[in-house]
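Numbering (this note's numbering), first residue to last: 1346 to 1497.
Beta carbons are placed, not taken as given, at the ideal position from N, Cα and C, and that holds for glycine.
Step one of this worksheet: look at the structure below.
Next comes the structure, spelled out in structure tokens:
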């Protein structure tokens, strides 16, 4: 099983719009990441998001590009949620999935999955960054990371 962890694209400032939708730059970056993933033949059975507008918009772009159906809102993907709820979603899933979420949750979830002895060497979740992990036996390993700044 593979899980693609994606941080939403850049949002407008809360002063510009309290709902914090994707900025034009953020939308462009997520579209570029989505095209790159499609060109890499990435396939997922479902794309989940937190329900926050910037994550929902990012998830919709990714789901459309990957032909994964509609993006689904689920609990456990909000910025300050505990990783255990996301782990439950992963364990209940059949097939590869994508989770579009926020910091600090994504950092904490990645640490729980790969269980590094040190935080050194873990990818950083900039806006629009995707880190893919794969289950190998009883453990998880990072097998790919990319973001708008890595593929321009």
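Under 9 angstroms, do residue 1408 and residue 1380 count as touching if we go by C-beta distance?
No. Outside cutoff.
Sort 1421, 1451, 1402 and 1491 by Cα distance to residue 1372 and report the nearest one.
It is 1402 whose Cα lies nearest to the Cα of residue 1372.
Contacting residues, own chain, Cβ-Cβ under 7 angstroms from residue 1458 (five flanking each side not counted):
Contacts found: 1478 and 1485.
Looking only at DSSP bridge pairs, what is residue 1417 linked to?
In the DSSP output, where bridge partners are listed per residue, residue 1417 has 1393.
Report buried or exposed for residue 1424, applying the criterion of at least 16 other Cβ atoms within 10 angstroms of its Cβ.
Exposure of residue 1424 is indicated by the presence of fewer than 16 other C-beta atoms within 10 angstroms of its C-beta.
Looking at the structure shown, is residue 1383 part of a helix, part of a strand, or coil, going by DSSP?
In the displayed model, residue 1383 falls within a helix according to three-state DSSP.
Excluding the five sequence neighbours on either side, which residues of its own chain have a C-beta within less than 6 angstroms of the C-beta of residue 1364, listed in chain order?
Excluding the 5 residues flanking it on each side, residue 1364 has same chain C-beta neighbours closer than 6 angstroms at 1398, in chain order.
Give the straight-line distance between the Cα atoms of residue 1362 and residue 1483, rounded to the nearest whole angstrom.
Approximately 44 angstroms, taken between the alpha carbons.
Who are the Cβ neighbours of residue 1488 in its own chain at under 8 angstroms, not counting the five residues just before and after it?
Closer than 8 angstroms at Cβ, skipping near neighbours: 1347, 1477, 1478 and 1479.
Within the continuous beta strand (DSSP E) that includes residue 1484, where are the two ends?
Here the beta strand (DSSP E) through residue 1484 covers 1484 to 1491.
Classification of residue 1359 by the beta-carbon crowding that lies within 10 angstroms, buried from 16 upward
Per the 10 Å Cβ criterion, exposed.
First and last residue of the uninterrupted beta strand (DSSP E) at residue 1477
In this chain, the beta strand (DSSP E) harbouring residue 1477 covers 1475 to 1481.
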